[in-house]
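S.K.:
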Amino acid sequence: NAGVTQTPKFQVLKTGQSMTLQCAQDMNHNSMYWYRQDPGMGLRLIYYSASEGTTDKGEVPNGYNVSRLNKREFSLRLESAAPSQTSVYFCASSVLYEQYFGPGTRLTVT
Amino acid sequence: GDSVTQMEGPVTLSEEAFLTINCTYTATGYPSLFWYVQYPGEGLQLLLKATKADDKGSNKGFEATYRKETTSFHLEKGSVQVSDSAVYFCALTTQKAGANSKLTFGKGITLSVRP
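The listed protein sequences correspond, in order, to chains U and H. Yeah, the first sequence ends on 110 if you go by this note's numbering, and it's all consecutive. Yeah, the second sequence ends on 1115 if you go by this note's numbering, and it's all consecutive.
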């Protein structure tokens, strides 16, 4: 039981490049989330998916798109990366009140 | 909207010292409250929770009591260890159990424990 997995662990992009962050969970959870973590800002919700086939914007959705491919997988896409998107990105899934987090992707945009 | 306010950090303590980390909240309705911990290089994990007023959550020697009258959920531990060094986040949700549990997080506070 791997829990929540994220790939890649680290990524460096140039401004304007695109990439997709992958997330998968093997706990059969309905709800999944993408957060970004920045120093002094805590975690901020980018997008979430309450169930397969649905997605909703969170607090900071601009510059991102998401796909809930199936119940297991929830990907985050940066179409044209900007330096302001340099951050650590966490995926999570939830059951009842508890959210389970992946190990994170550290993204640097130069 | 909902919000969580944590005391400013970082906090540095000696091993076996008493720990208090303050957390207050603003929310509509009756939120459930959480403390999450993030060890270096890892994702967050749930430390403890309380789902109604006067509930006490506890885990690994940490405790927090849901105080509705002061809208607080302060985290305490009687004797910290070096292994408790981590970032601690207070969080809330106003969603009902079983629904999508969208969380609102505080900014987090870094705890360092010296041997």
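Cβ atoms here follow ideal geometry from the backbone N, Cα and C, with glycine treated the same way. Keep in mind it's a predicted model, so treat the numbers as computed, not measured.
Q85 of chain U touches chain H at which residues, Cβ-Cβ below 9 Å?
M.R.: Within 9 Å Cβ-Cβ: nothing; Q85 of chain U doesn't reach chain H, min ~19 Å.
S.K.: Whose Cβ in chain H lies nearer than 7 Å to the Cβ of E98 of chain U?
M.R.: Neighbours of E98 of chain U on chain H, chain order: L1046.
S.K.: Say yes only if the C-beta of K9 of chain U is nearer than 7 Å to one or more non-hydrogen atoms of the ligand ZN, and no if none qualify.
M.R.: Of the ligands one can find in the structure shown there are none, so the ligand ZN has no counterpart to examine.
S.K.: Would you give the residue range spanned by the beta strand (DSSP E) that T105 of chain U belongs to?
M.R.: Residues 105-109.
S.K.: Where do the N-terminal and C-terminal ends of the beta strand (DSSP E) with N62 of chain U fall, by residue?
M.R.: Unbroken run through N62 of chain U: none, as it is neither H nor E.
S.K.: So, is V1082 of chain H buried or exposed, given that buried needs 16 or more other C-beta atoms within 10 angstroms?
M.R.: Exposed, because fewer than 16 other Cβ atoms sit within 10 Å of the Cβ of V1082 of chain H.
S.K.: In chain order, which beta strand (DSSP E) runs of at least 3 residues are fully inside the stretch 1058-1088 of chain H?
M.R.: Qualifying beta strand (DSSP E) stretches, in chain order: 1062-1065, 1075-1077.
S.K.: State the start and end residues of the unbroken beta strand (DSSP E) segment that holds Q11 of chain U.
M.R.: Counting along the chain, the beta strand (DSSP E) containing Q11 of chain U begins and ends at 10-13.
S.K.: Here's a check: name, in chain order, each residue in its chain whose Cβ is nearer than 7 Å to the Cβ of G1009 of chain H, leaving out the five neighbours to either side.
M.R.: Excluding residues within five positions, the ones whose Cβ falls inside 7 Å are I1109, T1110.
S.K.: Taking the straight line between their C-alpha atoms, what separation do you get for M27 of chain U and Y97 of chain U?
M.R.: If you take the alpha carbons of M27 of chain U and Y97 of chain U, they lie about 14 Å apart.
S.K.: Near N1022 of chain H, what residues of its chain come up, given a Cβ to Cβ distance below 6 Å and the 5 sequence neighbours on each side ignored?
M.R.: M1007, H1074, listed in sequence order.
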